[in-house]
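S.K.:
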Amino acid sequence: MIRRLQKVPDWLWLILIASAVRLITLGAESLWYDESFTSHLSQLSFANMWRAILGDVHPPAWYIVSWVIGRVLGNSDFALRLPAALLSVSSVLLVRKIALAVKFDRRSAFVAGLLAAILPASVYYGQDARMYPMLCCFVLGATLAGIKQRWRWFTVCAVGASYTQNLGVLYIVVLGSVLLIMNMRHTKQALRIVSALSGVVIVWLPWFAGGMLHQLQQISQGFWIPPLTAGAALYPLSILTFGARLPGMLQVIFAGVAVGWTFTGLIACRRWILTRTGIIITAVTFGTPVLAAVISVLWRSIYLPRAFLPSSLLLCLFWAWPLAHLSRPNRRTLQAVAVPTLIVTIIFYYVPAYARVDIRAYADIIREGYKPGDVVFFPSVDGAILFTHYLPDLPYRLMPESNDLNQSLTDETKAAMQFSIGEFSDLEQQYRRVWIVVAINPLTSVREAAEVARIEKTYCYQLVWQSKQSISRVAIELVDLQCLI
Amino acid sequence: MNNYPNYHLYIALAAQRDSVIFTVAFFTLIIGFYFLVLQRKSPQLMPAMRLLCVLGFYMILFGGIVWSLGQ
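From first to last, the protein sequence lines stand for chains A and B. Here numbering that gives the first Met the number 0 is used: position 380 in the first sequence is 379, and no number is missing along the way. Here numbering that gives the first Met the number 0 is used: position 32 in the second sequence is 31, and no number is missing along the way.
What follows is the structure, given as structure tokens:
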């Protein structure tokens with residue numbers, strides 16, 4: 000039996016492990032806001048989806064994939080997340096492939112792939128109906144193509160990255176620049192790289208001119224991403240490896256482990272880093288976040304940690320190498336810290352208390368108490384997006400001029416998403432009771448808070464369910480429209 | 000921004016988290032460089048320091064777990 004297991008190839012082990020940790024619990028948790036947004040867009044007509052994308056902050060590739068999946072496999076949580084899971088498993092294989100391409104021994108390449116397969120952040124995004132595993136596939140594919148000098152594949156992957164996430168362009172800028180600088184002396188090779196990059200620019204330009212510029216204008220007044228600080232610049236190192244599903248104290252401890260492990264990796268890899276392939280990997284891993292940080296300081300904050308998921312997967316190479324190549328005592332010390340860290344972070348990843356907010360259960364509260372003549376009222380867009388995924392058959396109204404959680408949706412997108420919009424005061428003529436989903440947090444607008452306060456002062460209401468945290472309150476209230484205070 | 004009177008709380012919370020991460024990263028790097036210097040200058044102290052490092056980590060880790068479970 001053991002002999003048979005030993006014959007199973009490395010890549011198959013990685014597929015099995017990565018698939019198991021992603022697929023078994025894929026549909027178990029509720030969708031969070033961004034995923035519900037994906038779900039909402041995938042149910043629109045193609046024309047409306049396209050209009051919605053133009054007012055959003057992301058390119059179209061992921062939404063087109065979700066739109067197709069929605070029509071083929073349906074709109075269940077599992078189906079929506081399936082492409083991300085499969086792309087995440089592919090990313091794991093690409094990490095191993097890159098490791099082998101840069102002359103890692105088979106064991107170290109397997110360990111790099113294994114880390115990419117089991118790191119909680121990698122699993123999280125592999126179970127998230129968003130574009131980040133797709134970005135990883137394209138960026139890692141472009142990196143591998145750059146190392147192997149397959150310029151057609153490089154062009155395809157680079158175009159894919161730029162159409163998946165706007166920050167994917169930064170990866171291509173860094174990768175293209177490094178490849179070009181390293182091949183300056185080889186005229187033929189340099190010309191091939193220039194022609195590959197020109198192809199990328201030509202295919203990307205229509206999106207830049209017709210979509211991205213429009214998005215930039217639309218969101219220029221938004222405050223989606225907070226200003227960058229030194230600590231925020233280092234945040235992806237821990238959040239994109241050990242994840243955020245940890246108690247605060249453990250997050251601090253494991254942030255230290257992430258920094259220490261990276262430092263050890265850089266020291267252990269110092270000779271390899273200076274090789275041709277080492278420079279490429281190092282530039283993509285660390286250069287892209289650094290470039291984003293510089294742009295954030297000089298222009299405006301674009302430093303979105305999750306967009307650096309490709310960097311965190313490549314970081315697995317720097318983490319895997321010292322586990323096998325440090326001196327024996329140092330290696331054992333690192334293993335003594337790394338192994339329990341991985342075990343604890345993986346265990347906490349599956350602890351329900353740290354899972355996504357259970358919107359499904361909250362929606363069930365409304366569904367169980369719902370009677371004909373009831374309507375659901377959302378003072379904010381995020382409530383509408385989250386709850387209508389689980390209550391598609393119940394009538395609802397969204398408050399006019401409402402905002403979304405992080406100000407990333409423009410009026411154009413909201414219009415294309417075809418919300419049922421109406422004032423609360425207009426509901427009296429049609430309905431007897433109103434379920435209100437109240438979410439008061441630091442990103443709640445004055446108008447939203449004022450409307451909720453006005454309703455609570457004007458009508459008799461029952462507090463059906465409430466959750467209070469330090470700076471936020473989420474509640475479901477049932478308002479009787481025929482009972483005025 | 001006037002439309003969001005409590006936005007400063009969001010920024011303050013993020014800033015608090017970021018400053019903790021920066022502090023942790025800073026001290027981790029100090030320890031890392033100390034180990035590098037120690038390995039060159041006084042390699043005979045390395046076994047003891049490695050042991051101290053691992054034991055210190057386990058103490059903090061178990062302390063963190065117990066503290067977290069107690070919350």
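Even glycine gets a Cβ: it sits at the ideal position worked out from N, Cα and C. Computed from a prediction, not measured in an experiment: that's the story for all the values here.
From Cys-315(A) to Ser-326(A), what does the alpha carbon distance come to, in whole angstroms?
M.R.: So the two alpha carbons sit approximately 19 Å from each other.
S.K.: Should Ala-229(A) be flagged as near chain B, meaning a C-beta pair shorter than 8 Å?
M.R.: Yes - at least one Cβ of chain B is within 8 Å of the one on Ala-229(A).
S.K.: Could you tell me which of Leu-265(A), Ala-267(A), Leu-85(A) and Ser-310(A) sits nearest to Leu-239(A), measuring between CA atoms?
M.R.: When only C-alpha atoms are compared, the closest one is Ser-310(A).
S.K.: Name the residues in the stretch 441 to 464 of chain A whose C-beta lies less than 9 Å from a C-beta of chain B; which are they?
M.R.: Here the close residues are Pro-441, Leu-442, Thr-443, Ser-444, Val-445, Arg-446 and Ala-448.
S.K.: Give the DSSP-derived three-state secondary structure of Ile-420(A) in the structure shown.
M.R.: Reduced to three states, the DSSP call for Ile-420(A) is strand.
S.K.: Against Gln-70(B), what residues of chain A qualify as contacts under a CB-to-CB distance less than 9 Å, listed in chain order?
M.R.: Within chain A, the residues near Gln-70(B) are Pro-246, Gly-247 and Met-248.
S.K.: If contact means a Cβ-Cβ distance below 8 Å, which residues of the stretch 108 to 130 of chain A contact chain B?
M.R.: Result list empty, no residue passes.
S.K.: Between Leu-54(B) and Leu-44(B), is the Cβ-Cβ spacing less than 8 Å?
M.R.: No, they are not a contact pair.
S.K.: Can you tell me which of Tyr-3(B), Pro-42(B) and Ala-24(B) puts its alpha carbon nearest to the alpha carbon of Thr-261(A)?
M.R.: Nearest of Tyr-3(B), Pro-42(B) and Ala-24(B) to Thr-261(A), Cα basis: Ala-24(B).
S.K.: Within the stretch 213 to 248 of chain A, note down every full alpha helix (DSSP H) run reaching 4 residues or more, in order along the chain.
M.R.: Whole alpha helix (DSSP H) segments, 4+ residues: 229 to 238.
S.K.: Can you check the stretch 24 to 112 of chain A for any alpha helix (DSSP H) of at least 4 residues that lies completely inside it and give the ranges in chain order?
M.R.: Listed in chain order, the complete alpha helix (DSSP H) runs (minimum 4 residues) inside the stretch 24 to 112 of chain A are 32 to 41, 45 to 53, 60 to 72 and 76 to 100.
S.K.: Straight-line CA distance for Ile-290(A) to Arg-305(A)?
M.R.: Note on residue identity: the sequence assigns Leu, not Ile, to residue 290(A). Approximately 15 Å, taken between the alpha carbons.
S.K.: Please report the distance separating the alpha-carbon of Thr-154(A) from that of Leu-204(A).
M.R.: Each residue's alpha carbon lies about 14 Å from the other.
S.K.: If the criterion is Cβ atoms closer than 8 Å, does the pair His-57(A) and Met-130(A) meet it?
M.R.: It is a contact, given that the beta carbons lie within the stated cut-off.
S.K.: Given a cut-off of 8 Å on the beta-carbon distance, is the pair Glu-411(A) and Leu-53(A) in contact?
M.R.: Yes, the Cβ-Cβ distance between Glu-411(A) and Leu-53(A) is below 8 Å.
S.K.: Candidates Val-463(A), Leu-114(A), Tyr-353(A) and Val-20(A): which alpha carbon is nearest Gly-125(A)'s?
M.R.: Looking at the Cα atoms, Val-20(A) is the closest of the given residues.
S.K.: Hey, is Tyr-234(A)'s beta-carbon within less than 8 Å of any beta-carbon in chain B?
M.R.: Interface residue, yes.
S.K.: Buried or exposed: where does Met-416(A) fall if 16 or more other Cβ atoms within 10 Å of its Cβ makes it buried?
M.R.: Flag for Met-416(A) reads buried.
S.K.: Just list the residues that DSSP pairs Val-168(A) with in beta bridges.
M.R.: Paired residues: none, contrary to the question.
S.K.: Would Asn-2(B) be called buried (16 or more neighbouring beta carbons within 10 Å of its own) or exposed?
M.R.: Exposed is the call here.
S.K.: Give every residue of the same chain whose Cβ lies closer than 8 Å to the Cβ of Ile-68(A), excluding the five residues on either side of it in the sequence, and list them in chain order.
M.R.: Once the five neighbours on either side are set aside, the close Cβ partners of Ile-68(A) are Ser-41, Ala-78, Leu-79, Leu-81 and Pro-82.
S.K.: For Val-473(A), return the contacting residues in chain B, with the cut-off set at a CB-CB distance below 9 Å.
M.R.: Simply none; closest approach about 15 Å.
S.K.: So, for Ser-75(A): in the same chain, excluding its five sequence neighbours on each side, which residues have a beta-carbon less than 8 Å away from its beta-carbon?
M.R.: Taken in chain order, the residues that qualify are Gly-26.
S.K.: List, in order along the chain, the chain A residues whose C-beta lies closer than 9 Å to that of Gly-31(B)?
M.R.: Within 9 Å Cβ-Cβ: Val-258, Gly-259, Phe-262, Thr-263 and Ile-266.
S.K.: Would you mind reading off the limits of the beta strand (DSSP E) that contains Gln-461(A)?
M.R.: Start and end: 458 to 468.
S.K.: Whole-angstrom Cβ separation of Gly-167(A) and Trp-152(A), contact assumed at under 8 Å?
M.R.: About 16 Å separates the two Cβ atoms, so there is no contact after all.
S.K.: Mapping DSSP to helix, strand and coil, what is Arg-432(A)?
M.R.: In this structure, Arg-432(A) counts as strand in the three-state DSSP scheme.
S.K.: Measuring alpha carbon to alpha carbon, tell me which residue in Pro-378(A), Trp-434(A) and Leu-22(A) is nearest Leu-442(A).
M.R.: Nearest of Pro-378(A), Trp-434(A) and Leu-22(A) to Leu-442(A), Cα basis: Pro-378(A).
S.K.: Report buried or exposed for Cys-156(A), applying the criterion of at least 16 other Cβ atoms within 10 angstroms of its Cβ.
M.R.: When all chains shown are included, Cys-156(A) counts as buried.
S.K.: For Ile-192(A), which of helix, strand or coil comes out of DSSP?
M.R.: Ile-192(A): helix per DSSP, three-state reduction.
S.K.: Who pairs with Ser-471(A) in a beta bridge, going by DSSP?
M.R.: According to DSSP, which records beta bridges pairwise, Ser-471(A) is partnered with Gln-468(A).
S.K.: Buried or exposed for Gly-135(A), going by 16 or more other Cβ atoms inside 10 Å?
M.R.: Inspection of the sequence shows that residue 135(A) is occupied by Cys rather than by Gly. Per the 10 Å Cβ criterion, buried.
S.K.: With three or more C-beta pairs closer than 8 Å as the rule, is the stretch 321 to 335 of chain A touching the stretch 262 to 269 of chain A?
M.R.: Enough Cβ pairs lie closer than 8 Å, so yes.
S.K.: Please state whether DSSP places Ala-267(A) in a helix, a strand or coil.
M.R.: If DSSP states are grouped into helix, strand and coil, Ala-267(A) belongs with the helices.
S.K.: Rounded to whole angstroms, what's the CA-CA distance from Thr-27(B) to Arg-299(A)? Just pull it up for me.
M.R.: Each residue's alpha carbon lies about 30 Å from the other.
S.K.: Can you tell me which residues form a DSSP beta bridge with Pro-411(A)?
M.R.: A small correction: the amino acid at residue 411(A) is Glu; Pro does not occupy that position in the sequence shown. DSSP, once it has assigned bridges, lists no residue as partnering Glu-411(A).
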